[in-house]
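Heads up: the sequence shown is residues 865 to 1173, going by this note's numbering. From the three backbone atoms N, C-alpha and C, an ideal C-beta is built for every residue, glycine too. Keep in mind the model is a prediction, meaning the values are calculated, not measured. One structure is given below, encoded as structure tokens.
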Amino acid sequence: MSKKIIIDCDPGIDDALALALAHGSRAVDLVGVTTVAGNVGLPRTTDNALRLADFYGIAAPVARGADRPLMRPPRTAGHVHGETGLGAAQLPDPAREPVAEHAVDFLIESLAQQPGEISLIAVGPLTNIALALRKEPRIAEWAREFVVMGGSSTRGNITPAAEFNVHADPEAAAMAFGADWRAVMAGLDLTHQAQLSAPVRRRFAGLGRLEEELLAPCLDVYEQHVDYREGPVIHDACAVAYAIAPEIFRADPAAVRVETRGEHTSGMTVVDFAAAQPDADVLTTLDTDAFWDLVADALHRVAERLPQV
865 MSKKIIIDCD
875 PGIDDALALA
885 LAHGSRAVDL
895 VGVTTVAGNV
905 GLPRTTDNAL
915 RLADFYGIAA
925 PVARGADRPL
935 MRPPRTAGHV
945 HGETGLGAAQ
955 LPDPAREPVA
965 EHAVDFLIES
975 LAQQPGEISL
985 IAVGPLTNIA
995 LALRKEPRIA
1005 EWAREFVVMG
1015 GSSTRGNITP
1025 AAEFNVHADP
1035 EAAAMAFGAD
1045 WRAVMAGLDL
1055 THQAQLSAPV
1065 RRRFAGLGRL
1075 EEELLAPCLD
1085 VYEQHVDYRE
1095 GPVIHDACAV
1105 AYAIAPEIFR
1115 ADPAAVRVET
1125 RGEHTSGMTV
1135 VDFAAAQPDA
1145 DVLTTLDTDA
1155 FWDLVADALH
1165 RVAERLPQV
């Protein structure tokens, strides 16, 4: 039976790949998408989620969430993802609106109605998650699992100490990691193993409209603005891949705390692998061949089922 998931995201190029992986996988059932300000502002992330849902043929509802961090001014990454958040892709205007309820209420109601059945996958700043926990702490009991793309056990990518998603709203991240669930952290040390090399990119050729209208315009921009040895890193898809196939990851128990006050370390995830009482599982190793097999299979299924224009 498929695992039900909700993806909380800030699309974002790698978010677009994460949504495609979820939609194209036979192992998961995408039951909701919630949006948050992050890679670009909330109007863009919500619009992008709706455009991607229409383009892929995702029927799951899209709920608009928080437009700013809990306590700090917004920080975006348009210099990486492009002004719109989807590189040079120009998808059609969405044919639907987000649902009326706020993402926080959507999360709470969805998890309350199906306790223990829905995995929550967060691949943007954790503002929606923190607000939902503040309003209804029992979501930590109701979620089947909580997987977050964010943080690092070594160095950051937006500052020497901090990864972007956590740095964008460290107070929210502290609440999310401190809640009464055992978070699964897919941080930079793990996601940097998912570099989109030229041989992997060639596996995406022949995907028709999916490649021509979305993947190429997104990834061509992404490659210009990130500096990795093998190719751009598809961070967010790693969190979805864990929900699909946890066996292709190594997870090490640790205690995770988020620095919120340091002058030079705000947003740092302090990961203690020697903690006497670990409260998280930190993904440390990825079977990259199996990961790209998952992604390629999902993208081919998405390409075959794209709605007619």
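Query                                                                                                                                                                                     : Result
What is the rounded straight-line gap between the Cα of S1016 and the Cα of A1160?                                                                                                        : 26 Å
Looking only at C-alpha atoms, which of F1028, A1107, L894, P933 sits nearest to A1047?                                                                                                   : A1107
Counting contacts by CB-CB distance shorter than 8 Å, is A1047 in contact with chain C?                                                                                                   : Among the chains in the structure shown there is no chain C, since it carries only a single protein chain.
Please classify S983: does DSSP put it in a helix, a strand, or coil?                                                                                                                     : strand
In terms of alpha-carbon separation, which member of D957, P907, A1138, P1034 lies closest to P933?                                                                                       : P1034
For the beta strand (DSSP E) that P1117 lies in, which residues bound it at each end?                                                                                                     : 1113 to 1122
Can you pull the DSSP bridge partners for G896?                                                                                                                                           : I870
Which residues does DSSP pair with E1009 in a beta bridge?                                                                                                                                : S983
With distances taken from CA atoms, which of S866, G951, C873, A1025 is nearest D1100?                                                                                                    : C873
Which residues mark the beginning and the end of the alpha helix (DSSP H) in which R928 is found?                                                                                         : It is not in any alpha helix (DSSP H) - R928 instead sits in the beta strand (DSSP E) that spans 926 to 928.
Going along the chain, which unbroken runs of the beta strand (DSSP E) with 3 or more residues stay wholly within the segment 1018 to 1053?                                               : 1047 to 1050
Quick one: using the 10 Å Cβ neighbour count with 16 as the cut-off for buried, is G888 buried or exposed?                                                                                : buried
Are the segment 916 to 923 and the segment 1165 to 1173 touching by the rule of at least three beta carbon pairs closer than 8 Å?                                                         : yes
Select from R960, A1037, N903, P1171 the residue whose C-alpha is nearest the C-alpha of Y1086.                                                                                           : N903
With a cut-off of 8 Å, do at least 3 Cβ pairs link the segment 987 to 1006 to the segment 958 to 971?                                                                                     : yes
Tell me whether the segment 898 to 914 and the segment 1120 to 1129 touch, counting them as touching only if at least three CB pairs, one residue from each stretch, are closer than 8 Å. : no
So what does L1147 bridge to, in DSSP terms?                                                                                                                                              : A1115
Given a threshold of 16 other Cβ atoms within 10 Å of its Cβ, counted over all protein chains shown, does G1072 qualify as buried or as exposed?                                          : exposed
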